[in-house]
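Protein chains: 4
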Amino acid sequence: MSDATHWILTLVCDDQPGIVHAVSGAVVEAHGNITESQQFSSADTGRFFMRLQVESGIDRASFEAALAPVTSRYDMEWKLDVVGRPLRTLVLVSKAGHCLNDLLFRQRAGQLGIEVPLVMSNHPDLAELAAFYGVPFEHRPVQDADGKQAFERAVLDVVAEHDVELVVLARYMQILSPELCAALAGRIINIHHSFLPGFKGASPYRQAHARGVKLIGATAHFVTSDLDEGPIIEQNVVRVDHTRTPNELMAIGQDEESRTLSQSVKWFAEHRVLQDGARTIIFK
Amino acid sequence: MSDATHWILTLVCDDQPGIVHAVSGAVVEAHGNITESQQFSSADTGRFFMRLQVESGIDRASFEAALAPVTSRYDMEWKLDVVGRPLRTLVLVSKAGHCLNDLLFRQRAGQLGIEVPLVMSNHPDLAELAAFYGVPFEHRPVQDADGKQAFERAVLDVVAEHDVELVVLARYMQILSPELCAALAGRIINIHHSFLPGFKGASPYRQAHARGVKLIGATAHFVTSDLDEGPIIEQNVVRVDHTRTPNELMAIGQDEESRTLSQSVKWFAEHRVLQDGARTIIFK
Amino acid sequence: MSDATHWILTLVCDDQPGIVHAVSGAVVEAHGNITESQQFSSADTGRFFMRLQVESGIDRASFEAALAPVTSRYDMEWKLDVVGRPLRTLVLVSKAGHCLNDLLFRQRAGQLGIEVPLVMSNHPDLAELAAFYGVPFEHRPVQDADGKQAFERAVLDVVAEHDVELVVLARYMQILSPELCAALAGRIINIHHSFLPGFKGASPYRQAHARGVKLIGATAHFVTSDLDEGPIIEQNVVRVDHTRTPNELMAIGQDEESRTLSQSVKWFAEHRVLQDGARTIIFK
Amino acid sequence: MSDATHWILTLVCDDQPGIVHAVSGAVVEAHGNITESQQFSSADTGRFFMRLQVESGIDRASFEAALAPVTSRYDMEWKLDVVGRPLRTLVLVSKAGHCLNDLLFRQRAGQLGIEVPLVMSNHPDLAELAAFYGVPFEHRPVQDADGKQAFERAVLDVVAEHDVELVVLARYMQILSPELCAALAGRIINIHHSFLPGFKGASPYRQAHARGVKLIGATAHFVTSDLDEGPIIEQNVVRVDHTRTPNELMAIGQDEESRTLSQSVKWFAEHRVLQDGARTIIFK
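Just so you know, the protein sequences line up as chains L, C, F and Y, in that order.
End of the first sequence sits at 284 in full-length UniProt numbering; the numbers just go up one at a time, nothing left out.
End of the second sequence sits at 284 in full-length UniProt numbering; the numbers just go up one at a time, nothing left out.
End of the third sequence sits at 284 in full-length UniProt numbering; the numbers just go up one at a time, nothing left out.
End of the fourth sequence sits at 284 in full-length UniProt numbering; the numbers just go up one at a time, nothing left out.
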């Protein structure tokens, strides 16, 4: 099957008997061979989730035609993509560069499955870093409500113009309006530090130090209008001890932020992240 | 589907297109709903592995009848079991009780999916521990070749009498005869300490200390006549440093042995462990 | 030095130059040899912390006499104990036995450095488990405010009678009165589950499931009157995914609770846990 | 103490009473304040190891004069260095660039505490990578015994010329002569992959795949003439499963090699790695 295409098919619908049989029948009809398959039935929402990788020599139109009766009969949300096609990804940043650097380094090394048409920022600081990786950078100051509104309009314009599939908040330090959250629902990811227990308010690393936490970490999640409370995609922690200063805790936490965000972007770009109400299904 | 049975179906056959469709068709015919499904195509052996959980209201005979045309057509090895049925498990021990204690505590807490009709040992030391958990204990000294042969015959008798499905060597310190290994192939699990690099010969913790290893761990594997070289089921390690004495290394290693063995037994009891030549497929 | 005693000396005082020299001078005078030494200067509180292990053939009175000029000059809080002397430890439990089982198993195996004169509970369920390990068990129902007061008085009586050095809340599910917390300050340890982010209120595992967390864990901490907010001693987490039910999350969380609590008790018994305001210094 | 120097002092001698007192007395005399202190008495070799960080306003000659009576009296091996002084480090490579890239990236980011006057290789492949980081690169083919001898002579010349303090084998694929190992004893570090169990011979990742290992890792160690058997400095592992191809295992293993080697170099550069016979003491 040397000239076959390697497809990714994701499906979501109400759970009921016969789905797998119907889908695998469509794959047989499309002369496809299933090379990877994962499914999950959510007891919480009654929804069924499936991700397939299929090798097949037929073209997209024929594959879609083979799928149509099934996706229609089960009222499925579905997506058909090709393994390895880079996802068009807009990155928003402010001043801290650790997440952006990790994303662009891995993107260039071919580890992430994304392409980045633009980096946007409310500060000029990271222009040089973007330039080093050959990525366009746009600086738009956000000093008041008008500036913020203009920034968000520009984001939506860029999303439309470049047909952006994913927006990544790589330590972008502005709170998004509910309207922007809604417009990008399901395709915008944020990263933030995480502690056990959580700390509210300013200077969380200082608070974590004061309390003497033994683990610090990071959480990547979808952005919803409920600040920092969207569905969790990935979390990591690392062990620390009493000798660490607040600044060292922050450096360690930033490493966790970088790798947690990059991992989440990679999974999203491979269509391994599906939403089930307030939870995510991760088909690693 | 309140009075439905929750089935586990495992299948192995040569890989080829159409298997998933055929199997899911049989499930549809059995009025079943697939609640969990995992598959793997081995590039090494050309074999296809599948594990399904299926809810269905029909009885075993009808389910098997629905499966028969498919399992026969693809020349499948297959097994049909019920979720939660405890696996009949014989445990062999010697003097060290850490693995037995962990197994019996978790078994009683309902975390392991096994029942233990008997613990057999070549030493009397652990009789009291077994008694606390209400498990019969049989002590048979092994002082010479005859004693060893008698012990192994007794094992096979117990396996036959109780229809034992799994034998666990929970720090049983006798080498098994090739005949016993062969008779129990694919249903006997051992645990042993592991280091990087490995150490041959006596007093491995002392050797590990002398070399200053930074990680020590444990490996659970199927027993074959090739000593400690059977297919690996699970491995864990934990970090140590230069301040540890050989005795402390041993205590740490024993903790890893306990949790690694219990994890492996749990997966086996849930039919999540399949063999692919010298490797295992673990459908977690 | 075959008949030497192996001492543990812990010291806390305001940080200033010359302390190490003064302390080591006292050790020389006591004909002692330092076999382990750790120190920490807290930038937060300006306090200096030190833990020494010293081999010396002299008796306690002579050692204390050698130390007296130094501890007095630097206004030190200090403690002198003997390596391996088991700490008298009272354990409080309710219904869940996983932490108690882990503590008693490790205690009997000589891994914890404690002795347990009594287990007290507001429920009868764990009497049998305590009996298996040969530990006295006292059941006192707590059904109302009076019962609670009586229970707490009994705790203080036991602490006095057995000269208890450590109280462990091994899933004891009653909130302690501020008076009891104050009376046992610095020698009472609690364990509870931990998540990122934290969840307030009932059924935390159900909440964690609903939010789809990817890590769950446990925190051991000193008890203060500020509920679950005392100085943290140890934390652990383990990775989970979307397939886990709330019950499975709870089982996984309980494993983390057991090992985190046992680890904390072991460090405390070895005088490796010192308090620095709201933080702990852990001299592992 | 704003114009104080921050010193690192490491000491090794036969263990005996009074060392800490004597050393801390010399520090007092040098008007120093101990900010970090670690010690270890080896039960294996009877040697005592100590590492201090000391802030003091006096110059090197005065500090050494204060130490001289003590180091002489206890016949100490000792070293006095300044925190943050970059260690002169020669890196040897062959074709694989992952370790070199990680070392140079971290070196430039100021995370490693080294400077690299030269990269030497028996292949030309990595010249461009070295150039990107602005590091001189010397290619010397090694095609026969003469070429090998010439390469090793060149290494010793570079070590002498640049006063090299550390030689790092960053996947340098030639076996060193016993003479070179002896000449660089205690200041040459190698990295190699590690498995449980170990695999001898060619294509270890293929063997590890065939055996279905669940953990793969890396070991950094001092080089001795006993191939791959020198004192271990650091080890790491990462979890893998049955879906990984041999090539993927290799990619994962290379990540572990990179981070394990960089970690070891960092500790060495901070004088945190001391040798105790066949073991290392790591004062993290």
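Even glycine gets a Cβ: it sits at the ideal position worked out from N, Cα and C.
Keep in mind the model is a prediction, meaning the values are calculated, not measured.
Exposure label - residue i; buried when at least 16 CB within 10 Å
i        : result
Y:Met173 : exposed
Y:Thr243 : exposed
C:Gln16  : exposed
F:Asn33  : buried
L:Pro178 : exposed
Y:Ser258 : buried
L:Ser41  : buried
L:Gln111 : exposed
L:Ala145 : exposed
L:Gly84  : exposed
Y:Ala220 : buried
L:Gly186 : exposed
Straight-line gap, residue i to residue j (C-alpha atoms, nearest Å)
i        : j        : result
C:Glu77  : C:Val12  : 5 Å
F:Val164 : F:Gly217 : 29 Å
Y:Lys200 : F:His209 : 45 Å
Y:Gly57  : F:Ser37  : 26 Å
L:Phe283 : F:Leu215 : 16 Å
F:Gly277 : F:Thr45  : 7 Å
Y:Asp14  : F:Glu64  : 28 Å
F:Ile232 : L:Ser203 : 19 Å
Y:Met1   : F:Phe49  : Here Y:Met1 scores only 44 on pLDDT, less than 50, and its place in the model should not be relied on; the value that follows carries that caveat. Approximately 21 Å between the Cα atoms of the pair.
L:Thr245 : L:Asp255 : 16 Å
Y:Gly253 : Y:Val238 : 8 Å
L:His271 : C:Pro117 : 47 Å
L:Glu128 : L:Lys95  : 12 Å
F:Gly134 : F:Lys266 : 20 Å
L:Ile189 : L:Asp241 : 30 Å
Y:Phe268 : Y:Ile8   : 12 Å
Y:Lys148 : L:Arg108 : 36 Å
F:Ala150 : F:Arg206 : 34 Å
Y:Ile114 : Y:Leu104 : 10 Å
L:Asp125 : L:Gln235 : 28 Å
Whole-angstrom C-beta distance between residue j and residue i, which should lie under 8 Å
i        : j        : result
L:Leu90  : L:Val158 : 6 Å
Y:Ser24  : F:Ser62  : Incorrect: roughly 22 Å between the Cβ atoms, too far for contact.
C:Leu92  : C:Ala170 : 7 Å
C:Gly212 : Y:Thr10  : So it is not a contact: roughly 18 Å between Cβ atoms.
F:Ser194 : L:Pro86  : With 8 Å as the limit, F:Ser194 and L:Pro86 do not qualify as a contact, their Cβ atoms being about 38 Å apart.
Y:Val82  : Y:Thr5   : 6 Å
L:Gly80  : L:Arg60  : Looking at the sequence shown, residue 80 of chain L is not Gly but Leu. Confirmed, Cβ separation roughly 7 Å.
Residues that residue i bridges to, as DSSP identifies them
i                      : result
Y:Val79                : The sequence shown places Lys at residue 79 of chain Y, not Val. Y:Thr10.
L:His221               : L:Asn190, L:Ile232
L:Val54                : L:Trp7, L:Ile34
residue 285 of chain L : Nothing can be reported for residue 285 of chain L, as the shown portion of chain L is limited to 1 through 284.
F:Glu115               : F:Arg88
L:Val237               : L:Gly217
Y:Val168               : Y:Val91, Y:Ile189
L:Asp276               : L:Arg279
F:Gln39                : F:Met50
F:Phe195               : F:Ile216
heavy atom of the ligand SAM below 7 Å from residue i C-beta
i        : result
C:Arg279 : In terms of ligand content, the structure shown is empty, and the ligand SAM therefore cannot be addressed.
Cβ pair count under 8 Å reaching 3, the region 102-121 of chain L against the region 134-151 of chain L: yes
The region 262-276 of chain F in contact with the region 93-109 of chain F per 3-pair CB rule at 8 Å: yes
The region 180-193 of chain C / the region 221-234 of chain C touching (three or more Cβ pairs under 8 Å): yes
Sufficient close CB pairs (3 or more, under 8 Å) joining the region 19-33 of chain F to the region 18-29 of chain Y: yes
Near-chain B residues of the UniProt domain "ACT" (8-85) of chain C (beta-carbon distance less than 8 Å), N- to C-terminal order: Here chain B cannot be found, since the structure's protein chains are L, C, F and Y.
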